[in-house]
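Here's the structure, in structure tokens; my notes come after.
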Amino acid sequence: MGAAHHTLDCDLLVIGSGAGGLSAAVTAAHLGLKVIVAEKDPQFGGTTAWSGGWMWVPRNPLAVQAGMVEDIEKPLSYLRHELGEQFDEARARTFLDNGPRMVEFFRRRSALQFIDGNVIPDFHGHTPDAATGGRSICAAPFDGRRLGERLHDLKPPLLETTLWGMGIASGAELRHFLNAIHKPASFWYVTKKVLRHWRDLLVHRRGTQLVNGNALVAGLARSLLDQGGQILTSSPATRLLKDGGRVTGAVLHTPHGALHVQARRGVVLACGGFPHDAARKQQLLPHAPTGNEHWSAGNRSNTGDGLRLGESAGGQVASDLLQAAALAPVSLVPRMNPGMEGSTAHFPHLIERAKPGLIAVTARGERFANEADSYHDVMQALLAATPAGHKPEAWLLCDHAFIRYYGLGAVKPAPMPLTPWLGNGYLQRGDTLSELARACGIDAERLQATVQRYNAMALVGRDADFAKGETPYNRIQGDAINASARGLPNPCMGPIERGPFYAVKVVMGSLGTFAGLRTNPQGQVLDARDQAIAGLYANGNDMNSMMAGRYPSGGITLGPAMTFGFVAAHHMAGLAPEHSPLNSNP
Ligand SMILES: Cc1cc2nc3c(=O)[nH]c(=O)nc-3n(C[C@H](O)[C@H](O)[C@H](O)COP(=O)(O)OP(=O)(O)OC[C@H]3O[C@@H](n4cnc5c(N)ncnc54)[C@H](O)[C@@H]3O)c2cc1C
14 MGAAHHTLDC DLLVIGSGAG GLSAAVTAAH LGLKVIVAEK DPQFGGTTAW SGGWMWVPRN
74 PLAVQAGMVE DIEKPLSYLR HELGEQFDEA RARTFLDNGP RMVEFFRRRS ALQFIDGNVI
134 PDFHGHTPDA ATGGRSICAA PFDGRRLGER LHDLKPPLLE TTLWGMGIAS GAELRHFLNA
194 IHKPASFWYV TKKVLRHWRD LLVHRRGTQL VNGNALVAGL ARSLLDQGGQ ILTSSPATRL
254 LKDGGRVTGA VLHTPHGALH VQARRGVVLA CGGFPHDAAR KQQLLPHAPT GNEHWSAGNR
314 SNTGDGLRLG ESAGGQVASD LLQAAALAPV SLVPRMNPGM EGSTAHFPHL IERAKPGLIA
374 VTARGERFAN EADSYHDVMQ ALLAATPAGH KPEAWLLCDH AFIRYYGLGA VKPAPMPLTP
434 WLGNGYLQRG DTLSELARAC GIDAERLQAT VQRYNAMALV GRDADFAKGE TPYNRIQGDA
494 INASARGLPN PCMGPIERGP FYAVKVVMGS LGTFAGLRTN PQGQVLDARD QAIAGLYANG
554 NDMNSMMAGR YPSGGITLGP AMTFGFVAAH HMAGLAPEHS PLNSNP
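Structure representation (structure tokens):
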């Protein structure tokens, strides 16, 4: 006899509350299904709540509205060129056909709204049919007060990427924050936001001006709750329930004991992949020989549960990806906040690398990459440049003027102080380059030569070594306004001239993982014979990435996660998304 347990029933059980789970949940609830979302953490949102909230959705309605119309063949061709032999046309077409439908549904019927990314280019401007814009959208800012009491169940943004817990949106808002002590208009913008944030902290004990991934999760959660869906926190799924060959639900480990949830239509695994599963990392990430040499910035509870649950029902985890994780340079931040002392945050370097006046060097004192390329490409280059038996580590290095204007990793720009970061060892400083090299363990002579060469190239604006600043993506990540004000011809290159000089060490990390359960285009998990397992779906990073371990553009995890969630919900409701009642006039 098993121990006593409670039971619940529903149409759809979603395991995990990031974009992968919530997109399916909200769509299914709108289609009239009874939905339960089970979340392992005390708060919902996962890595999605920490993310930039950008979604790659070619041909999206916001681009079309702005007159940026392209045939499906264009993004299809870009993907075909980028993914090579592993290009899966059926999945790519399902994604490209349904992405626009997904956006149209959410913006017309749900609390989630979008802003366009019409000026954001694809990562690889030299690949045929790369776009210079019109393929990205982001979650629009969201007033957290609309979540009512559930606001406290929403995972706040990753503290180190915020200002006192307040998220900062990319684009115009970030520019205001960088210019806060330089321009009166920016000063007032920032002052107003900060004052409102402090009031929020007093009244609500957390920020309510939600942006980026936090706004994405909040919008999705609000929509689900509005449709009568349930979100159970602190309730990890520990086992799937089966009946014959069909998955019929799961056992949750809740604060009130075991809960057996029966799901009539299906279970969606959306536990966010395996960024913190040492055994799977050891197996799939060659740079992590013991499984521990990879410091993902993803949510710490993403320990590979979804992949194991899927395997327990016969699912297969792909092991043939070019790269099993969405790589990113990560620095290890000693936490100083009360209650967090002794722990380490994994800070992903997404913003400052392309700005004029920063280089990345190895301990040999040499550059190894175009620093303005995507986080993933920079780390692939680091792996390639690291001799066997050495650790893939690098230093991001800049001068005083740079760090005070842009900050460096977790170190914020002026007027925020540098002292705490120097004190806890996160930031290294040297009055001269040699002194900095000694502090970091970098070859001082080579570093001098590297910086000298780089400075000369920066003045003429041409990176003869790594072609920095030569793609539209590089240039938009750079800072054309600041560079031209300083008479610099390349928005990504500025000389590193006047000490003191600073450096932060970066190690191998990721934004999440790519390798996941093999699925068909509808998101159904496939068994070893490529047959769909009845009742079992995977989404988000539990679904093997359709990008096959490549990283063609920003937003290629959240865009597909949102889209395949929409598709899977239709499939289990017995509907074709192209004839969705959600996209006909209400
Ligand atoms: C700083 C940062 C910025 C990023 N920016 C972007 C961006 O702009 N665009 C983009 O496309 N990608 C971005 N990413 C990557 C992206 O956030 C992730 O790939 C994505 O959020 C993964 O979504 P998911 O739904 O698969 O997982 P998650 O959002 O991590 O959700 C998974 C959830 O499942 C829960 N869970 C785990 N195990 C169980 C269990 N047994 N039972 C129940 N629940 C469980 C976890 O606690 C978690 O809440 C960024 C990542 C980071 C770190």
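Numbering of the sequence shown is given in the numbering used here, commencing with residue 14 and proceeding in unit increments.
The C-beta atom is built at its ideal place from N, Cα and C for all residues, glycine as well.
Proximity of His43 and Leu595 at Cβ, strictly below 8 Å:
yes
Using a Cβ-Cβ cutoff of less than 6 Å, which residues in the same chain neighbour Leu233 once the five nearest sequence positions on both sides are dropped?
Once the five neighbours on either side are set aside, the close Cβ partners of Leu233 are Leu35, Val39, Leu125.
Neighbourhood of Trp408 by C-beta distance below 6 Å, restricted to the same chain and skipping five residues each side
Same-chain partners within the cutoff: Val374, Cys453, Ala516, Lys518.
In the structure shown, what three-state DSSP assignment does Gln535 receive?
coil
Identity of the residues DSSP links to Thr267 by a beta bridge:
Gly270
Should Glu98 go down as buried or exposed, given a rule of 16 or more other Cβ atoms within 10 Å for buried?
exposed
At the level of alpha carbons, what is the spacing between Ala51 and Arg235?
Spanning the alpha carbons of Ala51 and Arg235 requires a straight line of approximately 16 Å.
Secondary structure of Ala143, DSSP reduced to three states:
Coil.
Okay, do the stretch 104-120 and the stretch 568-584 touch, 3+ Cβ pairs below 8 Å being the bar?
yes
The beta strand (DSSP E) that contains Met68, what's its start and end?
67-69
Check for me: the beta strand (DSSP E) holding Tyr515 runs from which residue to which?
514-526
Looking at C-beta atoms only, is the number of pairs between the stretch 518-531 and the stretch 324-333 that lie closer than 8 Å three or more?
At 8 Å Cβ cutoff, the stretches touch.
Is the beta carbon of Phe155 sitting closer than 8 Å to the one on Ala231?
The Cβ atoms of Phe155 and Ala231 lie closer than 8 Å to each other.
Euclidean distance between Cα positions of Phe527 and Pro197:
Each residue's alpha carbon lies about 44 Å from the other.
Do you know offhand how far Leu571's Cα is from Gly226's?
10 Å
What first and last residue would you give for the alpha helix (DSSP H) that runs through Cys284?
Premise fails: Cys284 is in no alpha helix (DSSP H) and is neither H nor E.
As a quick exercise: from Asp239, Phe127, Gln441, Ser309, pick the residue whose alpha carbon is nearest that of Gly45.
Asp239
Buried or exposed for Gly436, please, with buried defined as at least 16 other CB atoms from any protein chain shown within 10 angstroms of its CB.
exposed
Should Lys168 and Phe57 be called a contact, given that it needs their Cβ atoms to be closer than 8 Å?
Yes, these two residues count as a Cβ contact at 8 Å.
Gly258 versus Asn315: straight-line alpha-carbon distance, rounded
27 Å
Thr576 Cβ short of 7 Å to ligand 1 heavy atom set:
no
Of the choices Gly323, Thr107, His189, whose alpha-carbon is the least far from that of Lys255?
Gly323
For Arg277, which of helix, strand or coil comes out of DSSP?
Residue state, collapsed to three classes: strand.
Sort Gly507, Ala450, Thr463, Ser387 by Cα distance to Phe415 and report the nearest one.
Gly507
Met585, buried or exposed, once every other Cβ within 10 Å from all chains shown has been counted against 16
buried
Burial state of Leu215, where buried means 16 or more other Cβ atoms lie within 10 Å:
exposed
The alpha helix (DSSP H) spanning Ala382 covers which residue range?
That residue, Ala382, is in no alpha helix (DSSP H); it is neither H nor E in DSSP.
6 Å Cβ shell around Gly319 - same chain, five flanking residues per side excluded
Leu282, Cys284, Asp555
Beta-carbon contacts of Ala477 that lie in its chain and below 8 Å, excluding the five residues immediately before and after:
Met470
Keeping to the same chain, check which residues put their C-beta closer than 7 Å to that of His592; ignore five residues upstream and five downstream.
none
Beta-ladder partner(s) of Ser149, from DSSP:
Trp69
With respect to the beta strand (DSSP E) encompassing Ala545, which residues constitute its N-terminal and C-terminal limits?
545-551
CB of Thr51 to nearest heavy atom of ligand 1: below 7 Å?
A small fix is needed here, since residue 51 is Ala in this sequence, not Thr. Yes, ligand 1 has a heavy atom inside 7 Å of this Cβ.
Taking the Cβ atom as the reference point for each residue, do Met81 and Gly146 lie within a distance shorter than 8 Å?
Taking 8 Å as the Cβ cut-off, Met81 and Gly146 qualify as a contacting pair.
Separation of Leu272 from Met14, as counted between CA atoms
Interpretation of Met14 is limited by its pLDDT of 42, a score under 50 that renders its predicted location unreliable; the figure taken from the coordinates is listed afterwards. Taking the straight line joining both Cα atoms gives about 16 Å.
What ranges does the alpha helix (DSSP H) occupy inside the stretch 132-206, keeping only unbroken runs of at least 4 residues that lie completely in it?
Runs found: 185-191.
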